[in-house]
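Student: Before anything else, here's the structure in question.
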Amino acid sequence: MTHPAIVETIEALGETTLRVEPARVVELCRFLKDQEKFERLSAVTAVDWYPAEPRFEVVYHLHSVAGNKRLRVKARLSGKSPEIDSMTAVWSGANWYEREVYDMFGITFRNHPNLVRILNPTDWEGYPLRKDYPVHGYKYGYSNE
Amino acid sequence: MSKHPLFEEHVATVPAEQEVPSTPSAPRRMTLNMGPQHPSTHGVLRIVLELEGETIISAEPDIGFLHTGIEKECEQKHWQQVVTLTDRVDYLSNLSNNLVYALTVEKLLQLEIPPKAQWSRVMMAELSRLNSHLVWLGTHALDIGAMSMFFYCFREREDILRILEMFSGQRMMTSYIRIGGLALDHPRGWQHALGKFIRAFPSKVDEYEDLLDSNPIWTRRTKGVGFISLADMLDQGVTGPMIRAAGVPLDCRKTEPYSSYDKFNFKVATRTENDVYARYRVRLQEMRESAKIITQALEGMPDGSWHADAPHVVLPDREKMKTQMEALIYHFKIVTEGFRVPAGEVYQCIESPRGEIGYYIVSDGTSKPYRVHMRTPSFGNLQALPTMLKGILLADSIAALGSMDFVLGDTDR
Numbered sequence: 219m220t221h222p223a224i225v226e227t228i229e230a231l232g233e234t235t236l237r238v239e240p241a242r243v244v245e246l247c248r249f250l251k252d253q254e255k256f257e258r259l260s261a262v263t264a265v266d267w268y269p270a271e272p273r274f275e276v277v278y279h280l281h282s283v284a285g286n287k288r289l290r291v292k293a294r295l296s297g298k299s300p301e302i303d304s305m306t307a308v309w310s311g312a313n314w315y316e317r318e319v320y321d322m323f324g325i326t327f328r329n330h331p332n333l334v335r336i337l338n339p340t341d342w343e344g345y346p347l348r349k350d351y352p353v354h355g356y357k358y359g360y361s362n363e
Numbered sequence: 459m460s461k462h463p464l465f466e467e468h469v470a471t472v473p474a475e476q477e478v479p480s481t482p483s484a485p486r487r488m489t490l491n492m493g494p495q496h497p498s499t500h501g502v503l504r505i506v507l508e509l510e511g512e513t514i515i516s517a518e519p520d521i522g523f524l525h526t527g528i529e530k531e532c533e534q535k536h537w538q539q540v541v542t543l544t545d546r547v548d549y550l551s552n553l554s555n556n557l558v559y560a561l562t563v564e565k566l567l568q569l570e571i572p573p574k575a576q577w578s579r580v581m582m583a584e585l586s587r588l589n590s591h592l593v594w595l596g597t598h599a600l601d602i603g604a605m606s607m608f609f610y611c612f613r614e615r616e617d618i619l620r621i622l623e624m625f626s627g628q629r630m631m632t633s634y635i636r637i638g639g640l641a642l643d644h645p646r647g648w649q650h651a652l653g654k655f656i657r658a659f660p661s662k663v664d665e666y667e668d669l670l671d672s673n674p675i676w677t678r679r680t681k682g683v684g685f686i687s688l689a690d691m692l693d694q695g696v697t698g699p700m701i702r703a704a705g706v707p708l709d710c711r712k713t714e715p716y717s718s719y720d721k722f723n724f725k726v727a728t729r730t731e732n733d734v735y736a737r738y739r740v741r742l743q744e745m746r747e748s749a750k751i752i753t754q755a756l757e758g759m760p761d762g763s764w765h766a767d768a769p770h771v772v773l774p775d776r777e778k779m780k781t782q783m784e785a786l787i788y789h790f791k792i793v794t795e796g797f798r799v800p801a802g803e804v805y806q807c808i809e810s811p812r813g814e815i816g817y818y819i820v821s822d823g824t825s826k827p828y829r830v831h832m833r834t835p836s837f838g839n840l841q842a843l844p845t846m847l848k849g850i851l852l853a854d855s856i857a858a859l860g861s862m863d864f865v866l867g868d869t870d871r
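Chains as they are written, first to last, in this note's numbering: chain A, 219 to 363; chain B, 459 to 871.
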């Protein structure tokens with residue numbers, strides 16, 4: 219498939235990955251949903267490549283029930299104030315997955331209807347799945363003992 | 459003698475301005491907190507309900523009470539050690555979790571798994587499905603008021619747990635499916651134990667069906683309750699028996715066969731009514747189909763090795779370790795350092811009892827995973843809860859909740 223937002227198409231281990239410009243990811247996914255029949259958004263997640271830059275990768279797993287295909291869409295974000303448009307306008311199922319990514323990685327989703335922490339308490343400090351976050355958290359470290 | 463304040467006669471002291479407004483256009487709304495320790499939320503789930511009379515206006519699930527940071531912990535463990543963590547994600551169908559993790563890492567390692575191990579995996583995953591569906595049926599019927607179902611279902615579940623213990627040494631946290639094959643070879647006499655159970659099982663499912671379908675309370679409380687449109691389900695990422703009860707035969711076992719599911723003869727159960735009753739029928743039918751798959755696996759179990767021929771991944775035999783230097787070195791390397799997995803990323807999904815469970819794993823070529831994301835079916839399904847509960851009666855919400863069959867450990871990870 220061709221779309222101007224696609225930067226790179228990677229085929230590896232029998233899976234297709236599209237790397238796209240973060241600014242146009244919603245536009246591309248709308249195209250994939252309407253034209254290429256990827257009706258389902260399976261999951262949204264992120265990977266932290268600290269200390270590399272651009273630091274974050276937001277990963278979308280798409281599924282076409284009619285075509286029995288799966289597709290991965292990735293967008294890279296900088297480590298300084300990572301922000302990307304919310305996918306909830308295309309699939310409302312992106313809501314909780316984006317809240318989880320926000321909760322765990324601190325990536326902000328623009329135009330998200332309810333961007334608050336979902337798994338951690340609302341007063342939690344830091345973003346646990348970032349690579350520079352200690353395993354025991356900031357509060358319960360063993361370094362001072 | 460002055461009376462205790464509790465014994466004094468109650469005098470209405472409601473000021474005039476706080477009286478209930480008489481205009482019918484402004485009915486009183488009430489916010490009701492359900493959970494986090496409500497028995498029918500099956501775990502620690504809190505739902506904030508907005509009620510108008512007995513009708514639910516909006517429902518907002520609040521999750522995270524069972525969050526244990528499993529994904530972060532996966533990044534600290536060796537590849538093989540993560541198997542024990544996956545058990546604890548969805549504790550009712552842990553073998554499905556073991557299986558999807560093993561399949562994902564094997565895809566990265568490009569390991570060839572021998573037929574016997576693949577068939578055993580199918581057999582164990584289906585036993586796990588039976589286990590999960592039995593717990594679901596027992597507790598779901600209990601919520602609706604059919605108390606005795608719970609005892610019948612847990613009677614059969616006990617048999618399954620005994621079989622799992624026979625295979626793996628553990629009743630619940632089995633960790634039986636490992637990267638590269640299984641944890642152990644089949645125990646002696648397994649065909650007898652499993653055969654005895656699986657021959658009797660289909661008649662037990664008929665028994666459940668008789669018990670529930672001839673119960674008018676059950677049918678009235680489930681038929682036509684908990685409807686959610688197919689478009690909403692696809693939009694919100696609902697999978698599993700929920701979407702199959704809406705007529706879509708979406709089942710990874712058929713559409714994307716893994717672990718030689720394509721060699722088994724079974725049907726995907728579907729219904730079209732899309733209510734609590736349809737979901738119950740779908741799961742009953744799935745139990746029958748699982749029993750068929752287990753029977754086929756039992757009868758046609760291939761001979762051969764129960765693990766892949768990959769000495770750098772699979773621990774060597776104890777006997778070989780005592781006689782062969784090479785086996786001893788491999789054992790030392792795997793236990794202390796773990797094995798390395800080539801850099802790359804994969805997504806692998808399987809059909810768990812609750813729906814699509816998919817692991818997205820990124821490796822950077824070291825002996826620990828770089829990132830493990832668990833796309834769990836309970837998380838995806840629970841998201842559709844507000845849509846499903848909107849506009850229905852509070853009493854029906856219990857039936858609707860139960861029909862989703864979520865596990866909070868699976869949701870919160």
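For every residue, glycine included, the Cβ atom is placed at its ideal position computed from N, Cα and C.
Comparing alpha-carbon positions, which option in B:LYS565, B:VAL547 and B:GLU777 lies nearest A:LEU231?
Tutor: B:LYS565
Student: So the beta strand (DSSP E) A:LEU280 belongs to, where does it begin and stop?
Tutor: 274-282
Student: For a cutoff of 9 Å on Cβ pairs, would you count A:ASN329 as touching chain B?
Tutor: no
Student: Tell me which residues share the same chain as B:GLY596 and place their Cβ nearer than 7 Å to its Cβ, disregarding the 5 neighbours each side in the sequence.
Tutor: MET607, PHE608, CYS611 and PHE612
Student: In chain B, which residues lie with their C-beta within 9 Å of the C-beta of A:HIS354?
Tutor: Under the 9 Å cutoff, chain B gives no residues; its nearest Cβ is about 10 Å from A:HIS354.
Student: Runs of 3 residues minimum, wholly inside the segment 617-645 of chain B: which ones carry the beta strand (DSSP E) assignment?
Tutor: Counting whole runs of 3 or more residues, the segment 617-645 of chain B contains no beta strand (DSSP E) stretch at all.
Student: Assuming B:GLY603 and B:ILE675 make a contact with CB atoms under 8 Å, what is their CB distance in whole Å?
Tutor: In this structure, B:GLY603 and B:ILE675 form a Cβ contact; the two beta carbons are roughly 6 Å apart against a cut-off of 8 Å.
Student: Counting only C-beta atoms, is B:VAL502 closer than 9 Å to chain A at any point?
Tutor: no
Student: Check the C-beta distance from A:ALA312 over to A:SER299 and give it rounded, since I have them as a contact under 8 Å.
Tutor: That pair is no contact at about 21 Å.
Student: What residues are listed by DSSP as bridge partners for B:MET832?
Tutor: B:TYR817
Student: Identify the contact partners of A:ILE325 in chain B, using a Cβ-Cβ distance below 8 Å as the criterion.
Tutor: By Cβ distance, chain B contributes nothing, its closest Cβ being about 14 Å from A:ILE325, past 8 Å.
Student: Identify the continuous beta strand (DSSP E) that holds B:GLN806 and give its terminal residues.
Tutor: 802-810
Student: Could you tell me which of B:VAL683, B:SER551, B:SER836 and B:ASP668 sits nearest to B:ILE618, measuring between CA atoms?
Tutor: B:SER551
Student: Against chain A, does B:TYR805 count as a neighbour if the rule is that its beta carbon must be under 9 Å from one of theirs?
Tutor: Taking Cβ atoms only, chain A reaches closer than 9 Å to B:TYR805, which makes this a yes.
Student: May I have the straight-line CA-CA distance separating B:ASP822 from B:ALA853, to the nearest angstrom?
Tutor: 51 Å
Student: If we cut at 9 Å on Cβ distances, does B:GLU531 have a partner in chain A?
Tutor: Taking a beta-carbon distance threshold of 9 Å, B:GLU531 counts as an interface residue toward chain A.
Student: For A:ALA270 and A:THR263, what's the separation of their Cα atoms in angstroms?
Tutor: 18 Å
Student: In the DSSP assignment, the beta strand (DSSP E) including B:ALA517 goes from what residue to what residue?
Tutor: In the DSSP assignment, B:ALA517 falls within the beta strand (DSSP E) that extends over 513-520.
Student: Count the other CB atoms within 10 Å of the CB of A:TYR351; is the residue buried (16 or more) or exposed (fewer)?
Tutor: buried
Student: Apart from the five residues on each side of it in sequence, which residues of its chain come closer than 7 Å, Cβ to Cβ, to A:LYS255?
Tutor: SER282, ALA284 and GLY285
Student: Nearest by alpha-carbon distance to B:GLU714: which of B:HIS500, B:LEU847, B:GLY816 and B:VAL799 is it?
Tutor: B:GLY816
Student: For B:MET582, report the span of its beta strand (DSSP E) as first-last.
Tutor: For B:MET582, there is no enclosing beta strand (DSSP E); the residue is part of the alpha helix (DSSP H) that begins and ends at 573-602.
Student: Suppose you measure from the CA of B:LEU708 to the CA of B:PRO699; what does that come to, to the nearest Å?
Tutor: 9 Å
Student: Is the beta carbon of B:ARG812 sitting closer than 9 Å to the one on B:THR677?
Tutor: no
Student: Run the CB neighbour count on B:PRO827, radius 10 Å, all protein chains shown included, and call it buried at 16 or more, exposed below.
Tutor: Counting the other CB atoms within 10 Å of its CB gives B:PRO827 a total of 16 or more, which places it among the buried residues.
Student: Of all Cβ atoms in chain A, is any one closer than 9 Å to the Cβ of B:ARG812?
Tutor: Taking Cβ atoms only, chain A never reaches closer than 9 Å to B:ARG812, which makes this a no.
Student: Taking 9 Å as the CB-CB cut-off, is A:ARG258 touching chain B?
Tutor: yes
Student: Starting from the C-beta of B:ARG798, find all residues in its chain whose C-beta is less than 7 Å away, skip the five residues before and the five after it, and write them out in chain order.
Tutor: GLY823, THR824 and SER825
Student: So, is B:ALA418 buried or exposed, given that buried needs 16 or more other C-beta atoms within 10 angstroms?
Tutor: No statement about residue 418 of chain B is possible, as the shown extent of chain B runs from 459 to 871 and does not include it.
Student: Would B:VAL740 pass as a contact of B:ALA857 if the rule is Cβ separation under 9 Å?
Tutor: no
Student: Within the continuous alpha helix (DSSP H) that includes B:LEU843, where are the two ends?
Tutor: 843-847
Student: With which residues is B:THR489 paired in a DSSP beta bridge?
Tutor: B:GLU508
Student: Does B:GLN694 get closer than 9 Å to chain A when you measure Cβ to Cβ?
Tutor: yes
Student: Taking Cβ-Cβ distances shorter than 7 Å, what residues in chain B pair up with A:GLU233?
Tutor: VAL804 and TYR805
Student: Look at the alpha carbon of B:TYR634 and the alpha carbon of B:PRO645, and state the distance between them as a whole number of angstroms.
Tutor: 12 Å
Student: Residues of the segment 710-734 of chain B with a CB closer than 9 Å to any CB of chain A: list them in chain order, please.
Tutor: THR713 and GLU714
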